[in-house]
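The opening position of the sequence shown corresponds to residue 3 in our numbering, with each subsequent residue numbered one higher.
Inspection log for the structure reproduced underneath, given as structure tokens.
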Amino acid sequence: MRTEQTWEAREVDLDDVEDLDGIADLARASSVDEEPVLVLVEQEDTWFAVVRVDGEEDPRIYVSDAAAVGRSAYGDTLLTADVLGHDPDDDEEAPPSGPAGDESVLADLGVTADELAELGGGGRLPADALVVIAERLGCADELETVR
């Protein structure tokens, strides 16, 4: 979460979260003065996700590999119609490989859409990509404290 011009990191347990609204509620509970809250998710060196919550606005999501997320326990939570570009309940096919969602989710914080897309692909490990993102946001030390 962002507090004025600094960041604070907290480890959260998503095991009991049933849907995106649950993630958003966790994020909002941590928010300070409507500052952005980022939930960074990484799973088994296969994918990462960024969920951003700004106040009462709808969460914005970026996933590095929609197909890998779809095969995980978080598929139903993170692969929303906004991320996929269509209603996942109306499509029986597996999500396509590669990044999906809002590539500009961090643009105003210092990570452009092109940079995020590059970090999401190219064979980089998700943990390494999140470190680069945290460095650009100015919260690498905070991320390290919860790893």
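Beta carbons: idealized from backbone N, C-alpha and C, even for Gly.
Checklist entry - Secondary structure at Ala-115, three-state DSSP: helix, strand or coil? => result Helix at Ala-115.
Next on the checklist: So, under 8 Å CB-CB, Gly-103 and Ile-63 are touching, yes? Tell me the CB distance rounded to an integer number of Å.
Outcome noted: 5 Å
Next on the checklist: Rounding to the nearest angstrom, what Cα-Cα distance links Leu-111 and Tyr-76 in this structure?
Outcome noted: 25 Å
Item to check | Cβ neighbour criterion (16 or more within 10 Å) applied to Pro-97 | outcome: Its Cβ being crowded by 16 or more others within 10 Å, Pro-97 is buried.
Next on the checklist: Residues in the same chain with beta-carbon distance under 6 Å from Asp-56, minus the five sequence neighbours each way, listed in chain order, please.
Outcome noted: Pro-38
Checklist entry - Quick one: what's got a C-beta closer than 6 Å to Val-85's C-beta in the same chain, skipping five residues either side? => result Ile-63, Ala-102, Gly-103
Checklist entry - Should Leu-42 and Val-34 be called a contact, given that it needs their Cβ atoms to be closer than 8 Å? => result no
Item to check | C-alpha gap between Leu-22 and Ser-32, whole angstroms | outcome: 16 Å
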